[in-house]
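Chains as they are written, first to last, in my numbering: chain Z, 3 to 311; chain A, -14 to 357; chain F, 510 to 733.
In this text, a Cβ means the ideal position worked out from N, Cα and C, and glycines have one as well.
No experiment lies behind these values; they were computed from the predicted model shown.
Written below as structure tokens is the structure these notes are about.
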Amino acid sequence: MARDFDISTNQSTFVLEALKQNIRLDGRKLLQMRDLDIHISPDEYGYVEVSLGKTKVACRVSSEITKPYEDRPFEGLFQIKSEISPICSPFFESGLTSNSKQSNDELLISRLIEKAIRRSGALDVESLCIIAGEKCWSVRADLQFLDYDGNFTDISCIAVIVALMHYRKPDLEIDGDDIVLFNVDQREPTPLSILHIPICITFQFYNPNGDVENVKGDSNDELILIDSTLLEEKISLGSMTLTLNKNKELCQMIKSGGLNIDASVIMNCCILANKLVDELTDKIQTLLKIDALSRKSGMERELQVVNDR
Amino acid sequence: MSETTQTTKLHSIRFSPDVLAKISPELSLQRHLSIGLRSNLRKFEEFKNVSLKETGTGRYDDDNNNNSCILGSSIVKSGSTTIICSISASLIEDELKSINDYSFKLDHDIISNDLQETINEDDDNSFESVYVTVKTHSGNGSKIPTLNEQNISQQLYDTIKHSKLIPSKSLKVNLGYLSNDEPTTTSTTTTTGGKKKFKFILRGDIEVWSCVGPIFDLCYASLIKSLKCVKLPLVYINEGLNDINTTSTTTSTAKRDLLSDSKIHYDLKLNTGKIGWCVTYGIVDIDSSVVNNTSDDDAMDVDDCKKSVLLADLEGESEDSIEKRMTVVRTKDGNLSQISICTDGGFKITKEIITRGLELSKRRCSDMINKY
Amino acid sequence: MSSININTGILEQVDGSCIFQINSTKIISSVTGPIESSRIKNEIPTRAYLDINIIPEKGVSSTRESLLETKLNKILKPMINLNLYPRQSIQIVIQVLKSGEFRDYSITELSTIVNCVYISLLNSGISLKSSFLSSCCVILQNNEIKLNPTIDDLKSCKSNHIAVFNLKNAKTDELIYCDSLGSFSDDQFFKVLNYCATDIEHNNEFIRKSIANTIEKDYIWKFQ
């Protein structure tokens, strides 16, 4: 369906008025995230389903051995597929329709994730090299957007990074010119080398007095909120995405146009984002630890078999 | 306004049969079938004549043609439809195989014997297919393959793959070895135990001119015919070239060191028992009451005027509109290799009609397979 | 014994949705419609246009997916009352979450997709002509028929089959679609169809129950 998601004026004023009184429709505070739920598939590596309120995303990481690019013989390949299908909302069109507005959103999201994870060097691509110029691992993350209720960027970034951290590639050994690949039963597969965990936090900006007032007038009392729902995202006047990691490093920030914001406000945003990133990183790491414990290592499995006998 | 209210007479419009076939294919079909005729004057279950020939333009068919990359080809004619199929091949490193072999050599002590056996069995059981591109020349000049063409290509791939026609073994490359001093002929006997293993990948290009109905049958026939006459080249490592590549600083691809011989070749070994023939039927419900609604004097039974018939080798616009179809591929050993049936929400597809279709295919397939 | 897991109406933005998991195959599908056709060429004057999209587990869609889409279209067309929605579209999107088979095969995927889309269609309230379900099986080397094959069964099987039947009074009534590949005899083919028909009747009991459960939940305010 080519039409955009329409919001009535009543609806948008209602939401704005509520925001002015520090109330959001789902009862959250302005700077409060929805509940993050991460489900790691128990029977395979590298498949996670993440939901943030009603927004749902799944991510699958897979790998294969290919030839590296000619100009980068020491690097493996890493790509992220982020195609938004109409499954999450009929407003996203299927297939290649370059001129629709939705495909712009899609492009924006995929660029953001690309920058946040690939360009920030979260995955060490040099560790994917097997034989320089001949063989390397090609890792791909397939994002599957399932349900859309705002804030695709943050959730998909989390999904990709958790899937990457959870994924194990088969162990291998180099024997002369040949690669010896071991299957899961023979040797414990090895994790990817993840250098840091970038996490995106998206801020939405509103001015209850309208955007003209913001430029001309003196009242700079913008409303800032994080983890917006679809409705909030649609009436927002500007947005900013910060990508940080636990080391308090800013990997990426993007604020393309929209409402003019004081530089000092952005600093405050950074500090807030930092706190959130710490919480999220801890949450992810505990989850992965629990998952790792639930999976017995190969040695233990073998011992188990012996014990059973 | 008064003028329009005066006289409006409804004339029945008459269309010639070919126009009716275009604007209302179902009605045209029903009218033909109710008097026991098809628009192409064939009987309901009468197949169309098909002629298959090798084109003889392949790399090893003609001495002057040694640079051609076509390894086998065929031309199929049926009515006004002409299909040309040509098969070419490329070499790739047989990665998975070498990986598996070596892992088992190294970890031999860990792996129990029965596991080893199953792997060997797998080796015998793996089969390859042909990557096919189908192009129908319909005059619109579009370069992008249509959905129908894509589907036929994928279907051909699946059918060949699952019919177990081409064993993986026959596509493995036995590397010959050529040094600069020796003449080519001696190289045939020496096969090196090179560590890298290669295999052929077969590609088929099918071009269809003036198609008048479903073309899957004919495409399949032409592909099988071409595969039967595929001659694979002898491939050898060129020692001289190899030296150059290893000394140069650029990363050498293994493929560059390989040459395929322009004269020496061998036939592609197929699983001959699995050579098949494909027939497609349309299943039509003849509902005489629809067509003969004027003739009320007929006191026919309801069962009598509502029955399904099989139409063999659909042809023409009116018959192309039939969506209830049945495709059967039967192989030389009498077994079935593919059946697909789909319905259109009309009458039930009965067991009788499927059995009838299978019966018919038995005769037709053994006929055609023996003939070609 | 196969384990089926059904979750209906999980997606917010679409009219009907379902997650269907059987063994190691997991599919999510959504149905939206009838909606305005996005392209003029998809406006068919007498009936609705079926816009089917299958997104693979990993990578981009290829000819394999487009063949699956065509097959699904053939199965769904006679089952939906398309005449009720002239000039409109029914958008069906299928995302394969876990494939559970190699790319050379498609039977377990297709049969799960058919079942999943059927429940999504029910969930969306689009008018159907009849109930329909699908089942798949393989013939193993020892000529044994195995329903719901695993990845290893597929690797070593002689032939693979999928069949779709419609249901009347909880009994399989009519063959809607079948596709068989491999090497098998005529008798085996009919045997396979019977096997699939019984399996469908068996699964239908469970699927009906779970649909009844969802509907009960949907109308919870009415009963209380």
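Item	Value
Three-state class that DSSP yields for S459(F) in the structure shown	Examination of residue 459(F) is not possible in this model, given that chain F is present from 510 through 733 alone.
Those runs of the alpha helix (DSSP H) which lie wholly inside the region 202 to 260 of chain Z and span at least 4 residues	213 to 218 and 232 to 236
Coil, strand or helix - Y142(A) by DSSP	helix
Backbone secondary structure at N514(F) - three-state DSSP	strand
Per-residue DSSP class, three states only, for S538(F)	strand
C-alpha distance - T176(A) paired with N159(A), whole-angstrom precision	Because T176(A) carries a pLDDT of 41, less than 50, the predicted location of this residue cannot be relied on, and no value is offered for it.
N- and C-terminal bounds of the alpha helix (DSSP H) containing N624(F)	I616 to S633
Contact under 8 Å by Cβ, D560(F) with Q600(F)	yes
M311(A) (DSSP reduced to helix, strand or coil)	strand
Beta-bridge partners of N675(F), as assigned by DSSP	F641(F) and E683(F)
S63(A) versus E300(A), L141(A) and K347(A), residue with shortest Cα-Cα distance	E300(A)
Opposing strand residues paired with H41(Z) [DSSP bridges]	E51(Z)
Collapsed DSSP secondary structure at N262(Z) in the structure displayed	coil
beta-carbon I324(A) near the ligand MG non-hydrogen atom, thresh 7 Å	This structure lacks the ligand MG, and indeed carries no ligand of any kind.
Cutoff 8 Å: G330(A) Cβ touching any chain F Cβ	yes
CB contact flag (T681(F), E653(F), <8 Å)	no
Bridge partner(s) assigned by DSSP for H670(F)	C646(F) and S689(F)
Cβ pair count under 8 Å reaching 3, the region 561 to 580 of chain F against the region 527 to 534 of chain F	no
Where F76(Z) sits in the DSSP three-state scheme	coil
Interface positions of the region 556 to 568 of chain F facing chain A (Cβ-Cβ less than 9 Å), listed along the chain	none
Chain-order list of residues whose beta-carbon lies under 8 Å from that of T67(A) (same chain, five-residue window excluded)	I60, V61, V193, W194 and S195
Below-8 Å beta-carbon distance, S689(F) vs any chain A residue	yes
Residues near I145(A) in its chain [Cβ-Cβ closer than 6 Å; skip 5 each side]	S114 and V115
9 Å Cβ cut-off: residues of chain F touching L194(Z)	Correct list: empty, because the minimum Cβ distance to chain F is about 16 Å.
Cβ pair count under 8 Å reaching 3, the region 306 to 326 of chain A against the region 255 to 271 of chain A	yes
Chain-ordered chain F contacts of T144(A) [CB-CB under 8 Å]	L690
From F205(Z), L289(Z), S122(Z) and D151(Z), residue whose alpha carbon lies closest to that of S253(Z)	Residue identity check: residue 253(Z) is Cys in the sequence provided, not Ser. Comparing Cα-Cα distances from C253(Z) to each of F205(Z), L289(Z), S122(Z) and D151(Z), the minimum goes to S122(Z).
Among S10(Z), D8(Z) and H41(Z), the one whose alpha carbon lies nearest that of I292(Z)	H41(Z)
Rounded separation between N657(F) and D613(F) - CA only	17 Å
Local conformation of P88(Z) per DSSP, three classes	coil
Nonlocal neighbours in the same chain, by C-beta distance under 6 Å from G240(Z), ignoring five residues either side	F207, G260 and L261
Within chain F, partners of L148(Z) - CB distance below 8 Å	L520, I537 and Q604
M311(A), buried or exposed, once every other Cβ within 10 Å from all chains shown has been counted against 16	buried
Beta-bridge pairing of F32(A) - partner residues as DSSP gives them	Per DSSP, none; premise fails for F32(A).
One or two residues paired with R188(A) in a DSSP bridge	S73(A) and Y116(A)
Cutoff 8 Å: T621(F) Cβ touching any chain Z Cβ	no
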